[in-house]
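*Asks:* In my numbering, the protein residues as written are 3 to 301.
Each residue gets a CB set at the ideal place from its N, CA and C atoms; glycine is no exception.
Following this message is one structure expressed as C-alpha cells.
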C-alpha cells in the first residue's frame with residue numbers, strides 16, 4: 003500500500019462504516035486515478051472535501067433513528083414541564099408567605115403562578131398556539147415589569163460596574179434582568195417544540211408525579227424549613243429516580259437543563275457578564291432542542 007493510498011484511507015475513515023463498506027474501494031480508485039504521478043499526500047482542498055463529506059453524512063444520520071423518537075418525546079415533555087415548574091415555584095412562594103400570614107405578599111405570587119397553570123392546561127389539551135400566546139404574554143409582562151423597575155430608579159443613581167447604588171442600598175442590575183429570563187425561556191421552548199405534551203409518559207402518570215411534587219412544595223413551604231426542605235427534596239428525588247430510568251426521562255432532563263439553570267440557579271449569575279454567558283449558552287441549547295424536536299422522521 004502506497005503512502006498516498008494510506009492517507010486517503012485515513013480520510014475516508016470520516017465516513018460511516020456502512021458507507022465505506024459499499025463505496026470505499028470505488029472512491030479510493032477514483033482518487034488514486036485522478037492523482038498526479040509521484041504524489042505522496044492528498045491536496046489540502048481534496049482532504050477538506052473528504053472530511054466535509056464524511057461529517058455531512060454522519061450529521062444527517064444523527065441522532066440514530068431509534069433515538070429520534072425518544073428525543074422528540076423528550077422535547078415535548080420538557081416544553082410542558084417548563085411552565086409547570088414556574089407554576090409550582092409561584093405556588094411555593096405564595097404558600098410560604100401565607101404560612102407567615104403575609105397575605106399581602108402571597109397574593110401577588112399566586113397571581114403570578116395562575117397564568118402558568120393556564121399555560122400548562124392549554125399545552126396539555128393540545129392548544130399549542132394558545133399556550134404559546136399566553137406564555138409570551140407573561141414573558142412580555144415580566145420584561146415590562148423589569149424595565150419599569152430599572153426606569154423608576156431615582157435621578158442621581160450611581161452606577162458602579164454592574165451595581166446600582168440607590169438610596170445607599172446596592173441593587174444588582176443583572177439579577178433584575180435575570181428575573182425575566184425564565185419566562186422568556188419557557189415561552190421559547192413552547193414555540194420551538196412542535197407538540198408539547200406528556201407523550202409516552204402518559205397523562206395519568208405525569209399528573210400523579212406533578213401533583214405529588216406540587217403538594218410537597220406547598221406543604222414544605224408551610225412547615226418548618228428543615229422538614230420542608232427534606233419533604234421537597236424527597237419528592238423530587240423520587241420522581242427523578244423513576245423518570246431517569248427511561249430513555250425519554252433522561253433526555254427530558256438534558257433538554258430541561260438550560261431552563262432549570264436560569265429558573266432555579268439565579269444566584270450563580272450576579273453580574274452582566276454572567277447574565278450574558280448564560281443567555282448565550284441557553285440560546286445555543288434551545289437551538290439544539292429545536293433541531294432535536296424536529297428529527298422525529300428519519301432523514
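#1: Looking at C-beta atoms only, is the number of pairs between the segment 95-102 and the segment 111-123 that lie closer than 8 Å three or more?
#2: What's the call for residue 210, buried or exposed, on a 16-neighbour Cβ count within 10 Å?
#3: I need the straight-line Cα distance from residue 134 to residue 56, nearest angstrom please.
#4: Within the same chain, show all residues whose beta-carbon is closer than 7 Å to that of residue 76, passing over the 5 residues directly before and after it, in chain order.
#5: Quick check: what's the CA-CA separation for residue 234 versus residue 92?
#6: Considering only their Cβ atoms, is the gap separating residue 141 from residue 189 smaller than 8 Å?
#7: Would residue 80 pass as a contact of residue 191 if the rule is Cβ separation under 8 Å?
#8: Buried or exposed for residue 25, going by 16 or more other Cβ atoms inside 10 Å?
#9: Using CA atoms only, rank isn't needed, just tell me which of 145, 82 and 105 is closest to residue 121.
#10: Which residues in the same chain as residue 288 place their Cβ atom closer than 8 Å to its Cβ, once the five residues preceding and following it in sequence are excluded?
#11: For residue 198, which option in 241, 222, 232 and 125 has the closest C-alpha, if you only look at C-alpha atoms?
#12: Output the boundary residues of the alpha helix (DSSP H) element that contains residue 211.
#13: At what residues does the alpha helix (DSSP H) containing residue 117 begin and finish?
#14: Only counting the same chain, and skipping five residues up and downstream in sequence, which positions put a Cβ closer than 8 Å to that of residue 2?
#15: Around the C-beta of residue 285, are 16 or more other C-beta atoms found within 10 angstroms, so that it is buried, or is it exposed?
#16: Taking the alpha carbon of residue 290 as the point to measure from, which residue in 218, 220, 6 and 61 has its own alpha carbon closest?
#17: According to the Cβ coordinates, are residue 185 and residue 144 closer than 8 Å?
#18: On a CA-only basis, which of 19, 42 and 20 is nearest residue 10? Give me that one, please.
#19: Would you kindly report the start and end of the unbroken alpha helix (DSSP H) that includes residue 46?
#20: Near residue 12, what residues of its chain come up, given a Cβ to Cβ distance below 8 Å and the 5 sequence neighbours on each side ignored?
#21: Could you check the C-alpha separation between residue 219 and residue 196 for me, to the nearest Å?
#22: Should residue 39 go down as buried or exposed, given a rule of 16 or more other Cβ atoms within 10 Å for buried?
#23: Hey, how far is the Cα of residue 242 from the Cα of residue 212?
#24: State the DSSP-derived secondary structure class of residue 289, mapped to helix, strand or coil.
#25: If I follow the unbroken alpha helix (DSSP H) through residue 10, where does it start and stop?
#26: So, residue 230 versus residue 223, is the Cβ gap smaller than 8 Å?
#27: Residue 310: buried (16+ other C-beta within 10 angstroms of its C-beta) or exposed?
#28: May I have the straight-line CA-CA distance separating residue 116 from residue 17, to the nearest angstrom?
#29: Roughly how many angstroms lie between the CA atoms of residue 265 and residue 227, to the nearest whole one?
#30: Could you tell me the boundaries of the alpha helix (DSSP H) in which residue 184 lies?
#31: Could you tell me if residue 128 is buried or exposed, where buried requires 16 or more neighbouring beta carbons within 10 angstroms of its beta carbon?
#32: Along the alpha helix (DSSP H) that carries residue 38, what are the first and last residues, could you check?
*Replies:* Taking the structure as given:
#1: yes
#2: If you number the chain shown from 1, residue 210 lands on position 208. It is exposed - the Cβ of residue 210 has fewer than 16 other Cβ atoms within 10 Å.
#3: Within the chain shown, residue 134 is the residue found at index 132, counting from 1. Within the chain shown, residue 56 is the residue found at index 54, counting from 1. Cα to Cα, residue 134 sits roughly 39 Å from residue 56.
#4: Working through the chain shown from its first residue, we reach residue 76 at position 74. The residues are 250, 253, 254 and 257.
#5: Residue numbering aside, residue 234 sits at position 232 when the chain shown is read from its first letter. Residue numbering aside, residue 92 sits at position 90 when the chain shown is read from its first letter. Whole-angstrom Cα-Cα distance: 15 Å.
#6: By one-based count along the chain shown, residue 189 stands at place 187. By one-based count along the chain shown, residue 141 stands at place 139. Result yes, Cβ atoms of residue 189 and residue 141 sit closer than 8 Å.
#7: For this step, residue 80 is matched to residue 78 along the chain shown. For this step, residue 191 is matched to residue 189 along the chain shown. Going by C-beta atoms, residue 80 is nearer than 8 Å to residue 191.
#8: As a first step, residue 25 is located in the chain shown; it is residue number 23 there, counting from the start. Residue 25 comes out exposed.
#9: To locate residue 121, count along the chain shown from 1; it is residue 119. Ranking 145, 82 and 105 by Cα distance to residue 121 puts 82 first.
#10: As a first step, residue 288 must be located in the chain shown, where it is residue number 286. Answer for residue 288: 187, 190, 191, 194 and 260, listed in chain order.
#11: What you label residue 198 is simply residue 196 of the chain shown in a count that begins at 1. Ranking the options by Cα distance to residue 198, first place goes to 125.
#12: Mapped onto the chain shown, residue 211 falls at position 209. Its alpha helix (DSSP H) spans residues 205-224.
#13: Counted from its first residue, the chain shown places residue 117 at position 115. Segment 105-126, the alpha helix (DSSP H) holding residue 117.
#14: Missing from the structure shown is residue 2; the chain here goes from 3 to 301 and no further.
#15: Here residue 285 corresponds to residue number 283 of the chain shown, with the count starting at 1. The residue in question, residue 285, is exposed, as its Cβ has fewer than 16 Cβ neighbours within 10 Å.
#16: The count along the chain shown starts at 1 and reaches residue 290 at position 288. Cα-wise, what sits closest to residue 290 is 61.
#17: Here residue 185 refers to the residue found at position 183 when the chain shown is read from its first residue. Here residue 144 refers to the residue found at position 142 when the chain shown is read from its first residue. Going by C-beta atoms, residue 185 is nearer than 8 Å to residue 144.
#18: To locate residue 10, count along the chain shown from 1; it is residue 8. Of the candidates 19, 42 and 20, the one whose C-alpha sits nearest the C-alpha of residue 10 is 42.
#19: What you label residue 46 is simply residue 44 of the chain shown in a count that begins at 1. Counting along the chain, the alpha helix (DSSP H) containing residue 46 begins and ends at 46-62.
#20: Counting from 1 along the chain shown, the entry for residue 12 is found at position 10. Hits under 8 Å: none found.
#21: For the purposes of this step, residue 219 is taken as the residue at position 217 of the chain shown. For the purposes of this step, residue 196 is taken as the residue at position 194 of the chain shown. Roughly 30 Å between the two C-alpha positions.
#22: By one-based count along the chain shown, residue 39 stands at place 37. Exposed is the call here.
#23: Translated into positions along the chain shown, residue 242 becomes position 240. Translated into positions along the chain shown, residue 212 becomes position 210. About 11 Å.
#24: Taking the chain shown and counting its residues from 1, the one referred to as residue 289 is at position 287. Residue 289: helix per DSSP, three-state reduction.
#25: Counting from 1 along the chain shown, the entry for residue 10 is found at position 8. Here the alpha helix (DSSP H) through residue 10 covers 5-14.
#26: Position 228 of the chain shown, counted from the first residue, corresponds to residue 230. Position 221 of the chain shown, counted from the first residue, corresponds to residue 223. Taking 8 Å as the Cβ cut-off, residue 230 and residue 223 qualify as a contacting pair.
#27: Outside the displayed span of the chain (3 to 301) sits residue 310, for which this structure offers no information.
#28: Residue 116 sits at position 114 when you count from the first residue of the chain shown. Residue 17 sits at position 15 when you count from the first residue of the chain shown. Taking the straight line joining both Cα atoms gives about 52 Å.
#29: As a position in the chain shown, residue 265 is number 263, starting the count at 1. As a position in the chain shown, residue 227 is number 225, starting the count at 1. Straight-line Cα distance between these residues: approximately 21 Å.
#30: Your numbering for residue 184 matches position 182 in the chain shown. First-last of the alpha helix (DSSP H) with residue 184: 183-194.
#31: Taking the first residue of the chain shown as 1, we reach residue 128 at position 126. Under this definition residue 128 is an exposed residue.
#32: Within the chain shown, residue 38 is the residue found at index 36, counting from 1. Premise fails: residue 38 is in no alpha helix (DSSP H) and is neither H nor E.
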